[in-house]
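Here our numbering = 1-based position in the sequence shown + 10. Idealized CB from N, CA, C, for every residue including glycine.
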Amino acid sequence: MVTRALFQRSPSPWRAALVLLASAVFFCLLFVPARDAEGLGGFLDWRPEIEPLLLLGLLAALALAGRRLPAALRWSVAGLIFLAALLQAADALVPRILNRPLDLYFDLPHVPQLVALFYDAAGAWRGAAALAAAALAALALIALIAGALGACERMLRPPGHAVLALGAVLVLAAAAPVGRLDEGEPVLGLRTAAVVSAQVARLWRTVEAMHGHGGRYAAMLAAPQPAAGALPGLKGRDVYLIFFESYGTVALDEPRYAATVLPALAGFATTVEKAGWHLLSSRIVSPTYGGGSWLAHGTIDSGVKLDPVLDRIITSSRRETLPRYLRAAGYRSIEIMPGTKTPAPAHGFWGFERSLYAADLGYDGPSFGWFGIPDQYTLRRVDETEGAAGHAPLFVQIVLVSSHVPFAPLPPYVADWRAVPLYAGISPAQWDRIRTPPDWSHLDAPYGDSLVYDLRTLGAWLARLPGDALVVILGDHQPPSFVAGDRQPWTVPIHVLSRDPDLLRPFRAQGYVEGALPPRDGAVKGMESFLGDFIAGFAPPPAVAAGGADTAERGTN
Numbered sequence: 011m012v013t014r015a016l017f018q019r020s021p022s023p024w025r026a027a028l029v030l031l032a033s034a035v036f037f038c039l040l041f042v043p044a045r046d047a048e049g050l051g052g053f054l055d056w057r058p059e060i061e062p063l064l065l066l067g068l069l070a071a072l073a074l075a076g077r078r079l080p081a082a083l084r085w086s087v088a089g090l091i092f093l094a095a096l097l098q099a100a101d102a103l104v105p106r107i108l109n110r111p112l113d114l115y116f117d118l119p120h121v122p123q124l125v126a127l128f129y130d131a132a133g134a135w136r137g138a139a140a141l142a143a144a145a146l147a148a149l150a151l152i153a154l155i156a157g158a159l160g161a162c163e164r165m166l167r168p169p170g171h172a173v174l175a176l177g178a179v180l181v182l183a184a185a186a187p188v189g190r191l192d193e194g195e196p197v198l199g200l201r202t203a204a205v206v207s208a209q210v211a212r213l214w215r216t217v218e219a220m221h222g223h224g225g226r227y228a229a230m231l232a233a234p235q236p237a238a239g240a241l242p243g244l245k246g247r248d249v250y251l252i253f254f255e256s257y258g259t260v261a262l263d264e265p266r267y268a269a270t271v272l273p274a275l276a277g278f279a280t281t282v283e284k285a286g287w288h289l290l291s292s293r294i295v296s297p298t299y300g301g302g303s304w305l306a307h308g309t310i311d312s313g314v315k316l317d318p319v320l321d322r323i324i325t326s327s328r329r330e331t332l333p334r335y336l337r338a339a340g341y342r343s344i345e346i347m348p349g350t351k352t353p354a355p356a357h358g359f360w361g362f363e364r365s366l367y368a369a370d371l372g373y374d375g376p377s378f379g380w381f382g383i384p385d386q387y388t389l390r391r392v393d394e395t396e397g398a399a400g401h402a403p404l405f406v407q408i409v410l411v412s413s414h415v416p417f418a419p420l421p422p423y424v425a426d427w428r429a430v431p432l433y434a435g436i437s438p439a440q441w442d443r444i445r446t447p448p449d450w451s452h453l454d455a456p457y458g459d460s461l462v463y464d465l466r467t468l469g470a471w472l473a474r475l476p477g478d479a480l481v482v483i484l485g486d487h488q489p490p491s492f493v494a495g496d497r498q499p500w501t502v503p504i505h506v507l508s509r510d511p512d513l514l515r516p517f518r519a520q521g522y523v524e525g526a527l528p529p530r531d532g533a534v535k536g537m538e539s540f541l542g543d544f545i546a547g548f549a550p551p552p553a554v555a556a557g558g559a560d561t562a563e564r565g566t567n
């Protein structure tokens with residue numbers, strides 16, 4: 011009875027002030043992550059957030075009305091506060107990783123895949139332990155928030171306390187827009203409301219565009235395209251388009267990567283040149299950064315710079331695509347996507363005659379990360395399934411995955427491409443090293459090693475590839491910013507190869523340079539320019555009008 015009486019006793023003003031102040035500080039600390047003015051970097055903004063203070067004012071108003079939050083509602087409010095803080099943290103973090111703002115409508119569905127990728131890379135026990143710890147931490151934080159709300163309500167039970175608290179909140183809210191710090195910033199932050207309103211506005215624009223009200227998108231989809239037809243400049247040679255995962259120009263420009271990658275690139279050049287290939291290189295701007303590889307694939311294939319909205323809209327359009335152009339020119343068009351387990355329902359829009367996904371490649375060896383299938387096996391399967399002599403002209407689009415974040419476990423390169431199974435000669439000690447979980451805070455070395463692996467694999471594959479095919483190899487995007495660093499350009503290397511120099515003339519005319527190292531200066535086009543340049547480079551020359559020909563002939567007599 012004594013304990014209960016003490017608990018029901020009205021708190022002293024000093025105790026109430028201390029609890030309310032501590033709760034306000036706790037709530038504000040949940041919202042310190044913020045984006046910088048340019049929206050590309052995060053930092054900790056220690057200004058008090060106005061929304062938690064307004065929440066305390068609401069609790070004070072309820073106390074004056076003799077009301078308290080029911081327990082279920084208190085926990086629901088705590089959950090909403092937690093989600094709001096999580097949203098603000100994501101809004102500050104995503105630009106540092108992907109070099110673009112957070113877009114919940116498109117980013118949220120990819121969270122399960124990211125969790126699965128982390129789980130697979132960390133291993134079953136470590137992954138399960140980390141996910142369980144994250145879930146418990148989230149529940150503990152929600153419980154702390156609910157406990158703080160309950161403590162505030164108890165401190166506000168005396169009407170005098172509630173009046174003083176409500177008055178203080180109103181004074182702070184009224185003075186917030188007037189007060190300024192030395193840097194000219196308001197004394198109180200209004201970040202949470204800004205983040206939520208930005209996501210709502212982005213969602214509204216997306217819904218409008220998805221229902222045909224996006225004028226900019228409609229204009230892009232209606233842009234004229236060249237007519238489909240013969241492409242005599244290709245001479246009926248096979249065409250390979252290979253997307254090299256996370257192969258960004260940072261690997262060539264930043265010393266910490268260049269020291270590893272440039273020698274491997276030189277080795278790649280030596281290998282292919284010995285095999286008779288001519289090699290040109292340049293840079294091209296990806297429509298995405300740090301992820302979203304499908305936007306790069308679609309931009310190359312459609313000739314339109316895709317973003318997450320346009321990527322969905324375009325599949326209901328009548329745009330011609332690179333596979334359709336090549337099919338009209340007499341080619342079979344095939345795509346090989348070892349990282350795709352379930353294709354999108356509208357994938358048929360792209361016009362491939364045949365699609366080979368993870369399950370179609372028949373890989374039954376050890377799994378390497380979330381995508382499982384090593385690139386050396388994928389390229390070997392290209393030879394086995396489509397590389398037979400005497401086939402009709404072939405267009406193959408290949409997506410490599412072994413250099414995907416977290417760049418580990420990295421497959422070992424096997425010198426004998428005919429080995430069955432491919433990894434029969436790998437020792438147990440090697441497997442122990444290969445399967446060591448990556449250190450997510452130090453991925454520089456794994457990133458460089460994964461590029462070295464793929465460059466070696468691609469060089470050996472090209473040395474084995476017969477004929478005079480045209481091969482285009484390009485990165486899909488830069489690696490995430492926690493690997494690439496801040497404020498990197500969205501550029502990726504692009505290499506074109508053929509044993510027939512005639513097939514490289516259109517690229518040389520566009521400014522591609524000899525060798526494997528693309529120039530760092532000069533104008534750089536976007537991936538959306540590739541389709542138009544490709545078709546123009548290999549299409550029949552424009553017909554000369556009869557009258558013009560007669561005039562030219564008379565002028566020479």
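*asked:* Applying the 10 Å Cβ sphere with the 16-neighbour rule, what's the burial state of Pro489?
replied: buried
Inset, instruction - Compare the Cα-Cα distances from Trp582 to each of Tyr227, Phe128, Leu461, Gly286 and report the closest residue. - result: In the structure displayed, the chain extends from 11 to 567; residue 582 sits before or after that span and is not available.
Q) DSSP on Ser256, reduced to helix/strand/coil? A) coil
(Q) One question on the structure: do Val314 and Ala219 come within less than 7 Å of each other, judged by their Cβ atoms? (A) no
- Query: With Ala240 and Ala339 assumed to form a contact (beta carbons below 8 Å), what rounded beta-carbon distance in angstroms separates them?
  - Reply: 6 Å
Requested in this report: Flag this pair as touching only if the region 437-448 and the region 334-352 have three or more C-beta atom pairs under 8 Å; answer yes or no.
Outcome: no
For Ile155, which of Phe254, Ala204, Ala95 has the nearest alpha-carbon?
Ala95
Are the CB atoms of Trp500 and Val295 nearer to each other than 7 Å? yes
Quiz item: Just how far apart, CA to CA, sit Ala418 and Asp321?
Solution: 29 Å
* To do: Use the C-beta contact count for Val415: other C-beta atoms within 10 angstroms, 16 or more gives buried, fewer gives exposed.
  => buried
task: From the DSSP output, in three-state form, read off Asn567 for me.
output: Per-residue confidence for Asn567 stands at a pLDDT of 34, beneath the threshold of 50, marking its modelled position as unreliable; the derived number appears in the next sentence. In the structure shown, Asn567 sits in coil (DSSP, three-state: anything other than H, G, I, E or B).
Same chain only: Cβ atoms within 6 Å of Tyr115, ignoring 5 sequence neighbours per side: Leu213, Thr216
If you measure between the beta carbons of Ala138 and Leu289, is that distance less than 7 Å? no
Is it buried or exposed for Val188, if we count other Cβ within 10 angstroms and need 16 for buried?
Unreliable positioning characterises Val188 in this predicted model, as indicated by a pLDDT of 47, which lies under 50. The coordinate reading is nonetheless provided below. By the 10 Å Cβ count, Val188 comes out exposed.
Query - Leu112 versus Tyr227: straight-line alpha-carbon distance, rounded - result: 20 Å
Task: Nearest-angstrom beta carbon gap, Leu30 and Leu568 [assumed within contact, 8 Å] - done: Coverage of the chain is limited to positions 11 through 567, which leaves residue 568 absent and any answer about it impossible.
Q. What's the C-alpha gap between Pro122 and Val181?
A. 44 Å
Bridge partner(s) assigned by DSSP for Val506: Leu290, Val482
inquiry  = Between which residues of its own chain and Arg390 is the CB-CB distance below 7 Å, once the five residues before and five after are set aside?
reply    = Trp427
*Excluding sequence positions up to five away, which residues of its chain have a Cβ less than 7 Å from the Cβ of Arg364?*
Ile344
**OP:** Per DSSP, which residues does Arg322 bridge with? Please list them.
**Re:** Paired residue(s): none; Arg322 is not in a bridge.
Item to complete: Note down, in chain order, each residue of its chain lying with its Cβ closer than 6 Å to the Cβ of Tyr267, except the 5 sequence neighbours on either side.
Response: Ala261, Gly458
Where Val411 falls: helix, strand or coil (DSSP): coil
**Asked** Is it the case that the Cβ atoms of Leu200 and Ile91 are separated by a distance below 7 Å?
**Response** no
Under three-state DSSP, which class holds Glu59? strand
**Prompt:** For Pro43, which beta-bridge partners are listed by DSSP?
**Reply:** Leu54
Margin query: Given this structure, state the Cα-to-Cα distance separating Arg78 from Pro353, to the nearest angstrom.
Written below: 51 Å
Q. What three-state label does DSSP hand Glu330 in the structure shown?
A. coil
Buried or exposed (CB count within 10 angstroms, at least 16 for buried), Pro43: buried
Arg334 beta carbon less than 7 Å from that of Gly361: yes
Given a cut-off of 7 Å on the beta-carbon distance, is the pair Ile483 and Phe254 in contact?
yes
**Request:** Note down the Cα distance separating Val87 from Ala425, rounded to an integer number of angstroms.
**Result:** 60 Å
Exercise. Where do the N-terminal and C-terminal ends of the beta strand (DSSP E) with Glu538 fall, by residue?
Worked result: No beta strand (DSSP E) contains Glu538, which DSSP labels as neither H nor E.
- Task: Identify every residue that forms a DSSP beta bridge with Tyr250.
- Result: Val406, Val481
Practice problem: Just the C-alpha distance for Ala145 and Arg445, rounded to the nearest angstrom, thanks. | Solution: 26 Å
Whether Pro348 touches Thr388 by CB criterion (7 Å): yes
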